[in-house]
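Engineer:
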Amino acid sequence: SVDNPVIKEAKSLGINIGLPSETISNTKLNNFEYSQYQKAQGKILEQTLKILIESPGYQLLDATKREKEFQNTITDVRQQINDVVFPALMIERYNLPADTNPQLIRIGLSALGKLDKFKRMSTEKQGVALKRLLNIPTNE
């Protein structure tokens, strides 16, 4: 709503926050995953931007510097969400062990996601390919 201080600030700076991408690490999220991802990102982004714009240091900046800080915060939050929420969604999708290294999941899917053969596989077969790449035992 217009009463929202974050949206008000974004408008005054001419920034369109927009929706996050549906594709992360060359992997397209399904509707359920994207919904979960979007909710987590929206909540964290709003809280973080609210803290930013209410901070005394931010209030003292000129419009150009405020715009830069605002933009950088959006980028940082999205990066962190990609590093935490995306791997959690992929652990669920591919039935990976809960302690699988999130960075390795992203690296593995970035590489596999470039291969047409991988894209054409069923989710189950993709999971097997990812587990093999990450040296995780498979049931095959």
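Take the sequence shown: its position 36, counting from 1, is numbered 64 in the numbering used here, and each next residue is one higher. Built from N, CA and C at the ideal position, the CB exists for glycine as well.
(1) Between the Cα of P48 and the Cα atoms of K56, K36, K39, which residue gives the shortest distance?
(2) Return the residue from the list D111, K78, R121 that minimises the CA-CA distance to T101.
(3) Using 8 Å for Cβ pairs, my map puts E97 next to L89. What's the rounded Cβ distance?
(4) Closest to G141 by C-alpha separation, out of T76, P130, Q154, N129, would be which residue?
(5) Would V34 and A68 qualify as a contact pair, given that the criterion is a beta-carbon distance under 8 Å?
(6) Candidates A126, M149, F146, L143: which alpha carbon is nearest I164's?
(7) So what's K142 in DSSP terms, helix, strand or just coil?
(8) For the alpha helix (DSSP H) containing N100, name the first residue and the last one.
(9) Confirm, please, whether the CB-CB distance from T92 to R121 is below 8 Å.
(10) CB-CB under 6 Å to I38, same chain, minus the five flanking residues each way: which ones, in chain order?
(11) In the DSSP output, what is I52 paired with across the bridge?
(12) Where R134 and F146 are concerned, what is the direct C-alpha to C-alpha distance, given to the nearest angstrom?
(13) Does the beta-carbon distance from L73 to V105 come in below 8 Å?
Structural biologist: So, from the data block:
(1) Walking along the sequence shown from the start, residue 48 turns up at place 20. Of K56, K36, K39, the residue nearest in Cα terms is K56.
(2) The residue given as residue 101 occupies position 73 in the sequence shown. Ranking D111, K78, R121 by Cα distance to T101 puts K78 first.
(3) To locate residue 97, count along the sequence shown from 1; it is residue 69. To locate residue 89, count along the sequence shown from 1; it is residue 61. Sure, about 7 Å apart at Cβ, within 8 Å.
(4) The residue given as residue 141 occupies position 113 in the sequence shown. If we check each option's Cα against that of G141, Q154 comes out closest.
(5) Residue 34 sits at position 6 when you count from the first residue of the sequence shown. Residue 68 sits at position 40 when you count from the first residue of the sequence shown. One thing to note: V34 has its Cβ no nearer than 8 Å to the Cβ of A68.
(6) Here residue 164 corresponds to residue number 136 of the sequence shown, with the count starting at 1. Of the candidates A126, M149, F146, L143, the one whose C-alpha sits nearest the C-alpha of I164 is A126.
(7) For the purposes of this step, residue 142 is taken as residue 114 along the sequence shown, with counting starting at 1. Three-state result, K142: coil.
(8) As a position in the sequence shown, residue 100 is number 72, starting the count at 1. Bounds of the alpha helix (DSSP H) holding N100 are 91-121.
(9) Translated into positions along the sequence shown, residue 121 becomes position 93. Translated into positions along the sequence shown, residue 92 becomes position 64. Taking 8 Å as the Cβ cut-off, R121 and T92 do not qualify as a contacting pair.
(10) Within the sequence shown, numbered from 1, the residue matching residue 38 stands at position 10. Note that residue 38 is Ala in the sequence shown here, rather than Ile. Closer than 6 Å at the Cβ level, and outside the excluded window around A38, lie I45.
(11) On the sequence shown, position 24 is the one that residue 52 refers to. Beta-bridge annotation (DSSP): I52 is paired with T55.
(12) Against the sequence shown, residue 134 aligns to sequence position 106. Against the sequence shown, residue 146 aligns to sequence position 118. Approximately 15 Å between the Cα atoms of the pair.
(13) On the sequence shown, position 45 is the one that residue 73 refers to. On the sequence shown, position 77 is the one that residue 105 refers to. In terms of Cβ geometry, L73 and V105 form a close pair [threshold 8 Å].
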